[in-house]
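With my numbering applied, the sequence shown corresponds to residues 19 to 791, in that order.
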Amino acid sequence: MAAYINRTISLMSGDSPRTRGPSLDVGPLVDSQSLRDSSPLQIFVKAKKKINDIFVEIEDYVHDTVTYMQSLQQEGSIVNSDAVQQIEGYTVKVKGIRDVLTRDHMKVAFFGRTSNGKSSVINAMLREKILPSGIGHTTNCFLQVEGSDSGDSYLVTEDSTEKQNVKSVGQLAHALCKEKLGESQLVHIYWPKDKCLLLRDDVVFVDSPGIDVSPNLDEWIDRHCLDADVFVLVANAESTLMLTEKNFFHKVSTRLSKPNIFILNNRWDASASEPEFLDQVRVQHMERGVDFLVKELKVCTQKEANERIFFVSAKEALQARLQEQKGQPAHSGALADGFPNRYFEFQDFERKFEECISKSAVRTKFEQHSQRGRLIVSEIRSIMDGAYDQAQQLRREKTIAKKEVHDKLNFTEQQLLLITQEMKDKIRRMVEDVEQRVSKALSEEIRRLAVLVDEFNLPFYPEQLVLNVYKKELHLHVENGLGSNLRARLSTALSMNIENSQREMAERMSALLPADKKQVSLNVLPRREPFEILYRLNCDNLCADFHEDLEFRFSWGLTSIISRFAGKKASSLAIANYSQRIPRDLMSPSENVDVPHIKGPSSSLDDESSMASRIAMASRIALASTGSQGTMGGLLVAGFMLKTVGWRLILITGAVYGCIYLYERLTWTHKAKERSFKHQYVAHATKKLRLIVDLTSANCSHQVQQELSSTFARLCQLVDEATNHMDVEIKTLEKEVRQLEEAANSAKVLRNKANYIAKELEMFVDAYLKVRD
19 MAAYINRTIS
29 LMSGDSPRTR
39 GPSLDVGPLV
49 DSQSLRDSSP
59 LQIFVKAKKK
69 INDIFVEIED
79 YVHDTVTYMQ
89 SLQQEGSIVN
99 SDAVQQIEGY
109 TVKVKGIRDV
119 LTRDHMKVAF
129 FGRTSNGKSS
139 VINAMLREKI
149 LPSGIGHTTN
159 CFLQVEGSDS
169 GDSYLVTEDS
179 TEKQNVKSVG
189 QLAHALCKEK
199 LGESQLVHIY
209 WPKDKCLLLR
219 DDVVFVDSPG
229 IDVSPNLDEW
239 IDRHCLDADV
249 FVLVANAEST
259 LMLTEKNFFH
269 KVSTRLSKPN
279 IFILNNRWDA
289 SASEPEFLDQ
299 VRVQHMERGV
309 DFLVKELKVC
319 TQKEANERIF
329 FVSAKEALQA
339 RLQEQKGQPA
349 HSGALADGFP
359 NRYFEFQDFE
369 RKFEECISKS
379 AVRTKFEQHS
389 QRGRLIVSEI
399 RSIMDGAYDQ
409 AQQLRREKTI
419 AKKEVHDKLN
429 FTEQQLLLIT
439 QEMKDKIRRM
449 VEDVEQRVSK
459 ALSEEIRRLA
469 VLVDEFNLPF
479 YPEQLVLNVY
489 KKELHLHVEN
499 GLGSNLRARL
509 STALSMNIEN
519 SQREMAERMS
529 ALLPADKKQV
539 SLNVLPRREP
549 FEILYRLNCD
559 NLCADFHEDL
569 EFRFSWGLTS
579 IISRFAGKKA
589 SSLAIANYSQ
599 RIPRDLMSPS
609 ENVDVPHIKG
619 PSSSLDDESS
629 MASRIAMASR
639 IALASTGSQG
649 TMGGLLVAGF
659 MLKTVGWRLI
669 LITGAVYGCI
679 YLYERLTWTH
689 KAKERSFKHQ
699 YVAHATKKLR
709 LIVDLTSANC
719 SHQVQQELSS
729 TFARLCQLVD
739 EATNHMDVEI
749 KTLEKEVRQL
759 EEAANSAKVL
769 RNKANYIAKE
779 LEMFVDAYLK
789 VRD
């Protein structure tokens, strides 16, 4: 009661803010822009713009994060698919919040019994008669008045998108019309924002049918009340609060936590007819309203309740504002005495209403969005922290792996150089050893060539055609025999040496290969057949110039005797130029006049020695005489022989000589010819084969060198492939390290951006939520 008396005195004295409204005789004291800038509703407008800007940043941030996560998803080791799906899910959530924010407005729902003046209050606040009003049950459905961005006025029904003339609202929403809408349906009325400051500041008014004419209160609450920021209970000041009104708001308070409720005791102009009861009735209505808000609904304190109960006349306020728009005094719309107080209190209601709806809307609309924004940013930041840590960990691991591969590559290359040099030296030594062995063995086999030729047992015929075939087969036999003998002597040892060398190569080189390539290095060595040196003697071409001599040669013929006695020195004899002097005792009697004195008693030689000397001398003279081309030589020899040995000895010697000749001539058969042929062939082949000993040994050593070199080359190729693989691996690791470093930097940037957005949300909360407490 004291609060009411104080506020009444304040109103009458003009000290209250409620008296700081427009004068009854002149227009507004400030222009509309200044009034709009000072309006509490601007807090909501600015907060809405700020939170929208923040969520634009959040949406861009989520988009950047999704792009980043999708690029990381290909790696598979930094983030998993669940994190990617979680980030992608934020795109839909943020878009939904942005859509809600663009539609967010300060919603005021007007409720009350039929004909309490709900539509009139809205019209008065809009300064325009938009909604149908009158006596009786007027509004048949829910009407939502909101600002039109296009500047046009129109309406849209709930089940249609067609724009209709705003004047048709009187037919659609009036309860007395035949073609009326259902009581729970909603009609959207769009009114130009430049005609109403409240609509310009995102305020939406919802007019409702009377709560005493419908049993569907629960449906009304679910459809039209859950998102309301402020409820205005329009009561009839001529009566009092009814149970119908109380029951409705009890239902609302069970669905919403402490709804903001204003109580307008409308039609207070009726109190002018009974001025003596005005104060008592006002106190009565005030007490009942405060008890309802504080004790029954428990939605506010005693002080707040005193500030939320008003006594107005909506009809007077509407007429006053229509007069003001025409340039006429506001009091010309007065219906009864006391109009200034009622008009000022209506303005005070608007001010308190604006403060309350702004504070309530900012908290109810934006507090939840800011919390969801902080939650989204916090969760993304947590994911970015994990991505950053994982990228850093992987980068360290890849760096260590790259260093290990690089060190292994350097070690492999150094060991390859050392092994290559060692293997070259080993191959060179083996080649030299093979060359010496083959040369020695081949020389020994050439010395045993006669034995090999004697083993050739193909039938021998001296005819030329058959002999040509015989020689070809003999060439083949000699070549095969020499080759098989060399293989028998050398192949086993050489093969073992080569195999051991190859195994050593494989073991040394396999140590440089990775585990998956070691088996491949062992597969390089096995052959289906062991390595064997090919001894290419090519006797057919080598002895192609062999020409046999199968003519009969008497072994005791002069030529044979000369060759036999002369031997290797036959070429040094010059019998044709024989210049030795014949002793005097060998001269003929005609030439030696002292012949009778040769054999004197003083001679110390006996008859046998004298005979031997003479025979030797005769042989020498005979040899000398063979070189003579004349008859004199033959006669000289014959005469000398007769004189020296006598005719009987000569005859016996000739008989023996003829027998020997006949024997040899009879024994000159195919077999003797074969032996002579083989003997000649051995001599010729030996001479030719000695010429190719060095060439053959070099050829064999070259084969060994090729075998070992090719084996080592294949092993080196495996090592080269391994080093190339390590090079590729190093490049791949370097690329991965760069990518991981970029991924870590990107995660760090996104994490910092999350911190920045979280800071902006905290500043928003501090500026628009905490300050308003």
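Cβ coordinates follow ideal geometry from the N, Cα and C atoms, glycine included.
As assigned by DSSP and simplified to three states, the class of residue i
i, result
"residue 687", "coil"
"residue 464", "helix"
"residue 234", "coil"
"residue 129", "strand"
"residue 777", "helix"
"residue 479", "coil"
"residue 327", "strand"
"residue 204", "strand"
"residue 143", "helix"
"residue 792", "Because the chain in this structure spans residues 19 to 791, residue 792 falls outside the shown range and cannot be described."
"residue 474", "coil"
"residue 772", "helix"
"residue 260", "coil"
"residue 694", "helix"
"residue 58", "coil"
"residue 293", "helix"
"residue 107", "helix"
"residue 149", "coil"
Nearest residue (CA-CA) to residue i, options the options
i, options, result
"residue 66", "106, 383, 327, 364", "383"
"residue 420", "755, 364, 71, 534", "755"
"residue 268", "450, 706, 312", "312"
"residue 437", "411, 686, 737", "737"
"residue 266", "765, 215, 240", "240"
"residue 446", "115, 775, 716", "716"
"residue 802", "765, 785, 779", "Outside the modelled stretch of the chain, which goes from 19 to 791, sits residue 802, for which no answer is possible."
"residue 709", "461, 724, 532, 564", "461"
"residue 212", "202, 168, 172", "168"
"residue 206", "234, 172, 228", "172"
"residue 481", "409, 758, 566, 79", "566"
"residue 179", "202, 208, 185, 60", "208"
"residue 308", "286, 474, 280", "280"
"residue 273", "238, 560, 486", "238"
"residue 257", "352, 226, 289", "289"
"residue 520", "362, 71, 441, 570", "441"
"residue 331", "140, 686, 314", "140"
"residue 64", "492, 713, 380, 758", "380"
"residue 784", "68, 725, 456", "68"
"residue 323", "371, 226, 711", "371"
"residue 474", "696, 718, 725, 524", "696"
Whole-Å CB distance - residue i paired with residue j, under 8 Å assumed
i, j, result
"residue 4", "residue 470", "Summary: the structure shown does not reach residue 4, with the chain confined to residues 19 through 791, and so no result is reported for it."
"residue 248", "residue 374", "6 Å"
"residue 530", "residue 433", "6 Å"
"residue 398", "residue 772", "6 Å"
"residue 126", "residue 223", "5 Å"
"residue 779", "residue 345", "Not quite, the Cβ-Cβ distance comes to about 48 Å (not below 8 Å), so this is no contact."
"residue 221", "residue 243", "That pair is no contact at about 17 Å."
"residue 426", "residue 560", "Not a contact, Cβ separation roughly 55 Å."
"residue 328", "residue 300", "Actually they do not touch by this definition, with Cβ atoms about 11 Å apart."
Identified DSSP bridge partners for residue i
i, result
"residue 166", "210"
"residue 124", "221"
"residue 182", "173"
"residue 253", "283"
"residue 248", "126, 278"
"residue 161", "205, 225"
Interface flag, residue i vs chain B, CB-CB below 8 Å
i, result
"residue 400", "Among the chains in the structure shown there is no chain B, since it carries only a single protein chain."
Start-end ranges of the alpha helix (DSSP H) lying completely within the region 511-575, minimum 4 residues: 533-541, 557-560
Every unbroken beta strand (DSSP E) within the region 382-413, with a cutoff of 3 residues, ordered by chain: none
Every unbroken beta strand (DSSP E) within the region 412-440, with a cutoff of 3 residues, ordered by chain: Within the region 412-440, no complete beta strand (DSSP E) run reaches 3 residues.
Completely contained beta strand (DSSP E) runs for the region 304-365, where each covers 3 or more residues: 327-329
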